[in-house]
Amino acid sequence: MEENTNQPISQEEVSETVKRDAKGLFASISKFLRELLNIRTETDKDQTIEDVKNDIPFKGHTAWILVFSVFVASIGLNVSSTAVVIGAMLISPLMGPIVGVGLAIAINDIDTLRRSLVNLGVMVGLSVIAATLYFWASPLTELTPELEARTAPTILDVLVAVFGGLALIVAKSKKGTMPNAIAGVAIATALMPPLCTVGYGIAVWEPDFFLGALYLFSINAIFIALSTFIVAKLLRFPMLRYANSAKRKRTAQLASLLAVLAMIPASYTFYTTLQESNAERDYSHFLEDEINTNENLYLRKDFYNYNEKTIKLYFDGEIPDAVVSDLKNEIKKYSHIGDFELSVNGNKARGLDQVSKAYDRAIVELDRIEKENDKLLDEIEDLKIQIAGLETNLREANKVVPVEVLPYFSISKDAKIRFPDLAELGYGEVLRSNFLKVDTVKVIFPKWKFQVSDSLNNIRVNSLQEWITKEMKADTLYVE
Numbered sequence: 000m001e002e003n004t005n006q007p008i009s010q011e012e013v014s015e016t017v018k019r020d021a022k023g024l025f026a027s028i029s030k031f032l033r034e035l036l037n038i039r040t041e042t043d044k045d046q047t048i049e050d051v052k053n054d055i056p057f058k059g060h061t062a063w064i065l066v067f068s069v070f071v072a073s074i075g076l077n078v079s080s081t082a083v084v085i086g087a088m089l090i091s092p093l094m095g096p097i098v099g100v101g102l103a104i105a106i107n108d109i110d111t112l113r114r115s116l117v118n119l120g121v122m123v124g125l126s127v128i129a130a131t132l133y134f135w136a137s138p139l140t141e142l143t144p145e146l147e148a149r150t151a152p153t154i155l156d157v158l159v160a161v162f163g164g165l166a167l168i169v170a171k172s173k174k175g176t177m178p179n180a181i182a183g184v185a186i187a188t189a190l191m192p193p194l195c196t197v198g199y200g201i202a203v204w205e206p207d208f209f210l211g212a213l214y215l216f217s218i219n220a221i222f223i224a225l226s227t228f229i230v231a232k233l234l235r236f237p238m239l240r241y242a243n244s245a246k247r248k249r250t251a252q253l254a255s256l257l258a259v260l261a262m263i264p265a266s267y268t269f270y271t272t273l274q275e276s277n278a279e280r281d282y283s284h285f286l287e288d289e290i291n292t293n294e295n296l297y298l299r300k301d302f303y304n305y306n307e308k309t310i311k312l313y314f315d316g317e318i319p320d321a322v323v324s325d326l327k328n329e330i331k332k333y334s335h336i337g338d339f340e341l342s343v344n345g346n347k348a349r350g351l352d353q354v355s356k357a358y359d360r361a362i363v364e365l366d367r368i369e370k371e372n373d374k375l376l377d378e379i380e381d382l383k384i385q386i387a388g389l390e391t392n393l394r395e396a397n398k399v400v401p402v403e404v405l406p407y408f409s410i411s412k413d414a415k416i417r418f419p420d421l422a423e424l425g426y427g428e429v430l431r432s433n434f435l436k437v438d439t440v441k442v443i444f445p446k447w448k449f450q451v452s453d454s455l456n457n458i459r460v461n462s463l464q465e466w467i468t469k470e471m472k473a474d475t476l477y478v479e
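Read the sequence shown against numbering that gives the first Met the number 0 and you will find it ends at 479, with the numbers running on by one and no gaps.
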């Protein structure tokens, strides 16, 4: 008798098997993700450093391309054309010095840092001068939506600068080139429009536009440089070596100080824009949840000021004190606007009774206007019927026998033979009235080659009239 080898598996063995399978699956997923996201193996560090250094200088062709792209972007902003602005951003060589600053700090290259800062200043100055000249000469000075959108940074602008800067340095560090990615970053980070808006602010002398746009450009530039610095550090770009260790130490300290100084305003801006965005979101929720859902409140106008931390609400009708207190208590539930000063204002003159009466008067007036319109429409329909009848009568009165059914052509040929001095012969049927009735009569219109005396002319006209009357078998024929 064979021994049964199928022994029952214990719970511990099952657990161990599941754990081993789970560890194997986790290891496979981890390996896949590492291979998928690994960029170290395809990073050409030396070539990346060389490419970044080559993109830093602004002179010759690069300077002219910058000037022309500024004019193109300014025109796009001036006429509020997004497509033109995007085209200008594609051809603008703005990111070279900014990336150079971030990389120079990362590798402690003080000379490259100095060149990058100098060329960054040249780039900003050249762009602002060109934009200022354009808007100063342009007859279009109205503030367009494209210009207004570049006067203050938002949290989205900060995030775009961060991720755009990361994408840019990763694209530049890859072996070979990724022009599509670099062009996309040029569009996304939108460095050109804020500089053009700075020129607009100077040309029309609006300090708020000038400072706001310059601030937006600074934020974009700082975060692009900061992203470059972070990626270069993560990819372990080689630090520049100095023969003098003391000089290397001072350079490293200076680079670190610049990095920290750059991060302080960048971090503050990120925090403030995030807070402002959260406050605006809370304000929208407050209006939606506390005001719009209350059927007894009729909000006419509202004013929201984040900098002054004030909210002013204007309602139609008188607002009871209990409602005011309730709104002030409810706003405290919204963490980002809880400390705002809330002002609630009613309008007795525009209370519900007054609004209802005004509405009733408007309804009565509207009914009166509709009745008058209906009366006018009826009169118009009657006139249309009368006009149609008159047109029918006129067509009946003007109805004539078509010329082609008459033997006119053969008669005209015979008339030329019988009357050699006849130059032309016209024929028609015309309406003739004695003011009592209207008749249709046949008329001929002879034209002779030669002028003769009245007596001879009467003879030849009568002869022509008698002959044509006979040929056409007409009762009456007139001669004109």
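Cβ coordinates follow ideal geometry from the N, Cα and C atoms, glycine included.
Beta strand (DSSP E) segments (min. 3 residues) lying fully within the region 278-337: 298-304 and 309-314
Status (buried if at least 16 other CB within 10 Å, exposed otherwise) for Ile384: exposed
Ser27 beta carbon less than 8 Å from that of Gly198: no
For Thr439, the nearest candidate out of His284, Leu430, Asp45 and Pro445 (CA to CA): Leu430
Pair within 8 Å by beta-carbon distance, Thr140 and Val84: no
Local Cβ density within 10 Å of Asn291, reported as buried at 16 or more and exposed below that: exposed
Meets three-Cβ-pair contact criterion under 8 Å: the region 308-322 and the region 365-375: no
Other residues of its chain near Tyr313: CB distance less than 6 Å, five sequence neighbours each side excluded: Arg299, Lys300 and Asn344
Spatially closest choice to Ala422 from Leu233, Pro445 and Ala103, by CA coordinates: Pro445
Reduced DSSP secondary structure (H/G/I, E/B, other) of Asp54: coil
Same chain, Cβ closer than 6 Å to Leu213, neighbours up to 5 away in sequence not counted: Val197
Contact belief for Leu112 with Leu190 at Cβ below 8 Å, rounded distance in angstroms: With a Cβ gap of about 19 Å, Leu112 and Leu190 do not count as contacting.
Residue closest to Asn461, alpha-carbon to alpha-carbon, out of Phe449, Lys448 and Glu479: Glu479
Straight-line gap, Leu146 to Pro192 (C-alpha atoms, nearest Å): 8 Å
Span of the beta strand (DSSP E) around Lys441: Val437 to Trp447
Ala422 in three-state terms, based on DSSP: strand
Alpha helix (DSSP H) segment containing Leu146, residue limits: Pro144 to Glu147
At least three beta-carbon pairs within less than 8 Å, the region 155-175 to the region 120-129: no
Ala187, DSSP secondary structure in three states: For Ala187, the predicted structure reports a pLDDT of 46, less than 50, and the residue's modelled location is therefore unreliable. A value from the coordinates is still provided. Helix at Ala187.
C-alpha gap between Ala160 and Phe222, whole angstroms: 6 Å
Within 8 Å, strictly: CB atoms of Phe236 and Ile104: no
N- and C-terminal bounds of the alpha helix (DSSP H) containing Leu341: Element bounds for Leu341: not the alpha helix (DSSP H) but the beta strand (DSSP E), Glu340 to Asn344.
DSSP beta-bridge partners of Lys370: None; Lys370 has no bridge partner.
Beta-carbon gap between Ala129 and Phe70 smaller than 8 Å: yes
Complete runs of the beta strand (DSSP E) confined to the region 92-145 [at least 3 residues]: none
Rounded straight-line distance, which links the Cα of Asn219 to that of Leu65: 18 Å
Same chain, Cβ closer than 7 Å to Glu403, five either side skipped, listed in chain order: Only weak support exists for where Glu403 lies, its pLDDT of 44 falling under 50; the value from the coordinates is given anyway. Answer for Glu403: no residue qualifies.
Endpoints, the alpha helix (DSSP H) within which Leu215 is located: Pro206 to Leu233
Nearest candidate by alpha-carbon position, reference Gly99, set Val117, Asp381 and Glu289: Val117
Beta-carbon proximity check, Thr268 vs Val157, cutoff 8 Å: yes
Residues near Glu470 by beta carbon distance below 6 Å, same chain, minus five either side: Ile410
Which residues DSSP lists as bridging Gly427, in chain order: Val442
Secondary structure of Ser452, DSSP reduced to three states: coil
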